[in-house]
Structures are given as C-alpha cells and as structure tokens.
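In order, the protein sequence lines correspond to chains R and X. Read in full-length UniProt numbering, the first sequence has 145 at position 145, and its numbers run on one by one without any break. Read in full-length UniProt numbering, the second sequence has 22 at position 22, and its numbers run on one by one without any break. Only one structure is covered here, and it is reproduced in the block below.
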Amino acid sequence: MTPALHIDAISAGYGEAVVLREIALTVAPGEILAVLGKNGTGKSTLLKSIMGYLPKLAGRIAIGGADVTREAPHRIARRGVAYVAQEKSLFQDLSVEENIRLALASDRDWPKARAAVERSFPFLLERIRQRAGTLSGGEQKMLLMARSLAADPKLLLVDEITEGLQPSVIERLGGVLRAERGRSAAGILLVEQHIPFALAVADRFVVMDRGEIVDAGAAGAPGAAAEIARHLSL
Amino acid sequence: MTALLLDVVTTAAILFAVASGLLLVFGVMKIINFAHGGLITLGGYAALITTQLGLNPWFGIPMAALFGAVAGTLIERVVVRPLYARPLDAILATWGLGIIIGQTIVLVFGREVQFAAAPLGGTIDLLGESYSLYRIVMVPIAILLGLGIALLLNGTRLGLATRAVIMNEDLARGLGIDSTWVRFVTFALGSALAAVAGALITPLSSVDPNMGVPWLVNAFMLVLVSGTSLASLAAACLVLGGAQVIVSSLYSPVLGGITIALLAAIILRTRPQGFARG
Ligand SMILES: Nc1ncnc2c1ncn2[C@@H]1O[C@H](COP(=O)(O)OP(=O)(O)OP(=O)(O)O)[C@@H](O)[C@H]1O
Ligand SMILES: [Mg+2]
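Given below as structure tokens:
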C-alpha cells in the first residue's frame with residue numbers, strides 16, 4: 001500500500017543552521033505515528049519541512065506516493081494535507097465558519113465539512129458566527145481539530161495540540177483522533193510531549209533528539225512509556 | 001460655513017478614492033507601493049486620451065482602470081514578485097518605477113500641463129449654497145468604491161482568502177491558499193484603483209507628469225494612520241482631509257498642503273496604531 005507519508009533521509013533547517021539530520025519515517029494510511037522529544041529537538045521543524053515551509057538540504061518527501069520535496073505549502077495542502085501548527089494556527093479575527101471554510105478547496109464542500117464538524121465537535125455549529133479569538137483556549141484547539149478534519153484529509157500533521165489543556169479537553173481530542181482513525185484512511189503524524197496521550201492515541205512512536213530519530217517502537221508495547229520518559233528527561 | 005463643510009466631505013471622498021488602492025496593496029503585501037503616484041498620473045492621462053479622442057468623459061474611468069490594471073499586472077510580475085523576500089528592496093523598486101512611469105509619460109505626452117474634459121459640469125444648490133456638482137458626485141463614487149471593495153473582501157471566496165493573507169500569510173498558505181495569486185490580483189486591483197482615482201481627480205486639477213506626487217504623499221500618510229482597515233481609512237480621510245480644508249481656507253493653502261502629513265506624523269507619534277482599533 002502507498003504510504004500516506006514517506007520521508008527519506010531529509011535534512012533541513014533555517015538558513016545556515018541545520019536542525020534536522022537525515023530524518024526517515026513512514027506513516028501508513030489509517031495509522032497514527034507519534035513523534036516525541038524534548039523542547040527544541042526539531043519536532044516543529046520536521047512538520048514545517050513536510051509542509052513545504054522550509055527548503056530541504058537533502059532527502060526526499062513523498063505524500064501519497066507523489067514527490068513533494070520542493071512543493072510550495074499551498075500545493076501540499078491541496079493534496080489533502082491538514083496541518084495544525086503549534087502556534088498562531090487560527091485566524092483570531094475571523095469567525096468559526098470562516099476559519100473552517102478557509103481549509104476547504106471550494107465553498108461547495110461546505111455541507112460535507114459541516115457534517116464532519118457535527119461528527120467531531122457539534123458545539124461549534126452553535127457558535128459558527130462567533131469570532132475564533134473569543135473562544136476559550138480549549139475550544140480553540142477543538143476548532144483547530146475540527147478544521148483539520150473538515151476537508152477529509154489524507155494526511156494530518158498535528159503539533160502539540162494538548163499543550164496547556166485540561167485533561168477533559170485532551171480526552172475529547174484523543175477520542176476524535178481515534179474515531180477519525182477508525183473512520184478514514186488518513187495517516188496522522190502527531191507531535192507530542194504528553195506521553196500518556198500520545199501512547200493512548202498512536203499506533204507507533206518515534207523519539208527525536210537534536211534533529212535525529214533516536215528511538216522507535218509500538219505504542220502498545222509494555223515499557224514504552226518508561227522508555228520515552230527516559231529519553232525526554234535525559 | 002456650508003461651503004466649508006461640503007469642501008471637507010468632498011475632499012475626504014477624493015482622498016479615500018486615491019488612498020484605497022494603496023491601503024489594499026499595503027494590507028496584503030505589507031509594502032507601500034510608491035508607484036501609486038505614477039499610476040494616479042497614468043489614470044489622469046487615460047482621462048486626457050479620452051478627451052483627445054473625443055469620447056464621453058465618463059469613459060475615462062474604465063479606460064483608466066484598464067491602464068492601471070495592465071500596468072499593475074506587469075509591475076507585480078516583473079518587479080515586485082521577484083523581491084518577495086526583500087520587502088525593503090521591493091519598496092525602493094516601486095519608488096523607481098514611479099519615476100519611470102513619470103518619465104515615460106513625459107516622453108509620450110510632453111511636460112506641459114493639459115486639461116481633460118469634466119464628465120459633469122455646473123453647480124448644484126445644496127443647503128442654500130451653490131456648489132460644484134462634480135465635487136459632490138465624488139461622495140457617492142467614493143462610497144460605491146468603498147462598498148465595492150468591502151463586498152469583494154467580505155462576500156466572496158477570493159475576498160476571504162485575501163483577508164486571510166492580510167492576517168497571516170503563512171497560515172493561509174498552509175490551508176491551501178495560493179498567496180502569490182492573491183498578491184497578484186490585489187496589486188492589479190490596487191493599481192487599477194489608483195488610476196481610476198487619477199481619472200477622477202483630473203477635472204479638479206490639471207494633468208501633468210507629476211500630478212500624482214502630492215496625492216501619493218497624502219495617501220501614504222493616510223494609509224500609515226489607518227493600518228489595513230477601510231473603515232479607519234474613511235475616518236482618517238474625514239479627519240485629516242477636514243483639517244487640510246480648514247487650514248487651507250482659514251490660513252494658507254501652502255500650510256494646508258502639508259497638514260495631512262504633519263498631523264499624521266503627530267498621530268503616529270502619540271498613538272502608533274493611528275485610526276485602527278486596538
Ligand atoms: N524560525 C527559526 N529560525 C531559526 N531557528 C529556529 C527557528 N525555529 C526554530 N529554530 C531552532 O530550531 C531548533 C528546533 O526547533 P523546533 O521548534 O523544531 O523544536 P521543537 O522540537 O518543536 O520544540 P518544542 O517542543 O519546544 O516545540 C531549535 O534549536 C530552535 O531554536
Ligand atoms: Mg515545537
């Protein structure tokens with residue numbers, strides 16, 4: 001089966017500073033892969049590289065079998081990639097509806113998107129005209145998740161969505177991710193520092209350290225949590 | 001008194017027409033297009049050509065829009081887009097382009113001051129005052145321009161994409177919006193608006209190769225105090241344009257000519273966000 005995402009030894013960074021060193025990983029359709037690692041190890045840089053925001057120094061990235069190594073972000077997005085950035089990922093001054101519509105290829109997809117929102121976070125439909133910036137922190141994260149699922153993505157890139165959230169909201173987001181995994185064939189790359197959440201939701205995990213993948217395993221394996229915790233505390 | 005009030009309102013309308021294209025380009029591209037003055041001049045000459053061809057003077061407005069859009073299309077593709085990552089250089093380049101447009105006009109039309117026919121002449125009796133009909137008509141035209149832009153931004157898919165690019169271009173790109181296209185369309189539209197403004201002001205002033213310069217300076221200052229909001233721009237045009245009219249008629253036209261720039265500088269000093277909310 002063609003992988004949803006295949007990364008072949010990419011190196012990337014900011015100008016002269018190389019942050020990622022020969023990262024390789026694969027996400028199958030319908031699979032959730034968690035990427036864990038300490039602050040500043042390059043997790044967000046990895047997602048930005050996949051999304052086409054950063055030039056690649058070496059290596060190759062394929063999405064659904066197509067080479068996207070040199071493609072621009074909007075082209076990658078139009079291939080069915082939904083990206084939830086770690087920061088500033090909503091238009092605060094736009095309404096809930098406008099935020100979601102922006103993720104669709106055309107306004108004709110709105111009925112389908114609406115149905116997807118109804119499935120995941122129905123409360124958003126009651127607040128569809130509200131400005132996104134007036135939602136609470138947890139609600140904004142739910143809107144982010146709803147937006148990323150609205151266009152029925154083939155690949156979902158999520159950057160530390162649980163950061164600073166209450167346990168009840170985290171549980172809700174996890175439930176939606178699991179449901180999406182069961183429903184669609186989307187591959188999901190989940191960047192996390194919250195180990196229990198990541199292992200509860202993901203099928204497999206990799207651990208990053210200083211721009212390299214230093215460990216990998218099955219999320220359900222006994223001792224996985226302890227193993228990851230050791231990496232994160234080192 | 002009534003005449004002064006009408007002067008304030010009509011001046012604000014004209015300023016709004018002149019500055020709206022600059023504001024649009026500034027919002028999307030985060031650069032001030034200093035070729036805006038040259039594009040205003042281009043619009044003035046579109047009106048002049050219309051007169052020389054013996055066409056209905058109203059025809060000068062679509063003619064100017066066409067000239068401006070074509071010039072804007074070329075400028076964006078050839079000059080502004082390659083300097084995407086170097087906004088300061090892009091601004092300098094538009095400055096140079098303004099000069100090139102002016103010189104080209106000198107080559108084709110000569111240096112002398114010329115006059116385009118007014119689409120509307122005569123006066124209208126308003127509030128017991130006999131006032132220039134053409135100046136009055138500027139008010140509904142400016143309102144229509146403003147509403148048209150607002151409708152485009154708030155009522156269409158392209159407008160939504162444009163607002164998204166104004167607010168956060170990287171985020172917009174990540175959602176599948178081709179921001180290069182949005183920039184292109186915006187620049188062409190902003191240039192067309194500049195030229196239309198140039199055609200609109202020709203019956204009020206003469207046509208010459210430098211006619212756009214004072215308007216550019218005022219439009220620039222107005223955009224600086226308005227940020228990216230059309231409503232703020234309208235407010236700024238009323239307040240600063242009003243001050244200009246009052247200073248011109250009560251003190252001296254020379255002082256009036258620099259009132260907008262002076263007041264804008266003071267406003268930015270005391271309230272950096274200017275007329276924008278927040
Ligand atoms: N825009 C940038 N320009 C230059 N260097 C950057 C930039 N963004 C991040 N870096 C550097 O790249 C490295 C990796 O940062 P990155 O944001 O990818 O880490 P991260 O694993 O996502 O961390 P966190 O868990 O804190 O989000 C860090 O050393 C950081 O300082
Ligand atoms: Mg990060």
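Quick reminder that beta carbons are idealized off the backbone N, C-alpha and C, glycines included.
With distances taken between CA atoms, residue 142(R) lies nearest to 162(R) out of 162(R), 199(R), 43(R). In terms of beta-carbon proximity, residue 157(X) lines the interface with chain R, with at least one pair separated by less than 8 angstroms.
Scanning 233(R), 139(R), 140(R), 203(R) for the CA closest to the CA of residue 28(R) turns up 203(R). Around the C-beta of residue 11(X), 16 or more other C-beta atoms lie within 10 Å, and the residue is accordingly described as buried. Within a 10 Å sphere around the beta-carbon of residue 87(R) sit fewer than 16 other beta-carbons, which makes this residue exposed. With fewer than 16 other beta carbons inside 10 angstroms of its own, residue 127(X) counts as exposed.
The alpha-carbon of residue 20(X) is positioned some 29 angstroms away from that of residue 251(X). Note on geometry: alpha-carbon atoms of residue 34(R) and residue 194(R) lie some 10 angstroms from one another.
When C-alpha distances from residue 259(X) are compared across 67(X), 267(X), 243(X), the shortest belongs to 243(X). Note that the C-beta distance between residue 47(X) and residue 60(X) is below 8 angstroms. Here residue 23(R) is not near residue 52(R), since their CB atoms are 8 angstroms or more apart.
Remark: the C-beta of residue 192(R) is outside contact range of ligand 2, defined as less than 7 angstroms to any heavy atom. Interface annotation, residue 177(X): in contact with chain R, CB-CB separation under 8 angstroms.
Per DSSP, the beta bridge partners of residue 208(R) are 37(R), 213(R). For residue 269(X), the enclosing alpha helix (DSSP H) begins and ends at 253–270.
Contact between the region 59–67 of chain R and the region 95–102 of chain R is absent: fewer than three C-beta pairs spanning the two stretches fall below 8 angstroms. Just so you know, the alpha carbons of residue 177(R) and residue 49(R) end up roughly 23 angstroms apart. When the Cα atoms are used, residue 214(R) and residue 207(R) turn out to be separated by approximately 6 angstroms. Classified as exposed, residue 106(R) has fewer than 16 neighbouring CB atoms from the shown chains inside 10 Å of its CB. For the C-beta of residue 88(R), the chain X residues within less than 8 angstroms are, from N- to C-terminus, 168, 171. Taken in chain order, the whole alpha helix (DSSP H) runs of length 4 or more contained in the region 67–149 of chain R are 73–78, 96–101, 110–120, 123–126. Residue state for residue 245(X) is assigned as helix, using DSSP reduced to three classes. Per DSSP, the continuous alpha helix (DSSP H) segment holding residue 226(X) begins and ends at 212–226.
For ligand 2, a non-hydrogen atom lies closer than 7 angstroms to the CB of residue 160(R).
Per DSSP, residue 208(X) lies in no beta strand (DSSP E) and is assigned neither H nor E. Taking a cut-off of 8 angstroms for Cβ pairs, the region 171–180 of chain X and the region 34–48 of chain X do not touch, as fewer than three such pairs fall below it.
Chain order gives no chain X residues near residue 152(R), where near means a beta carbon separation below 9 angstroms; the closest approach is about 13 angstroms. Taking C-beta separations shorter than 6 angstroms and ignoring five residues to either side along the sequence, the partners of residue 134(X) in its chain run 118, 120, 203, following chain order.
DSSP, reduced to helix, strand and coil, places residue 48(R) within a helical segment of the structure shown.
The C-alpha of residue 138(R) is placed about 12 angstroms away from the C-alpha of residue 121(R). Distances between the C-beta of residue 38(R) and the heavy atoms of ligand 2 are all 7 angstroms or more.
Against residue 164(X), the close residues of chain R are 91, 102, in the order they occur along the chain (beta-carbon pairs closer than 7 angstroms). Of the heavy atoms belonging to ligand 2, at least one sits nearer than 7 angstroms to the Cβ of residue 86(R). Against residue 160(X), the close residues of chain R are 98, 101, 102, in the order they occur along the chain (beta-carbon pairs closer than 7 angstroms).
Taking 8 angstroms as the cut-off, the beta carbon of residue 149(X) is found closer than this to the beta carbon of residue 230(X).
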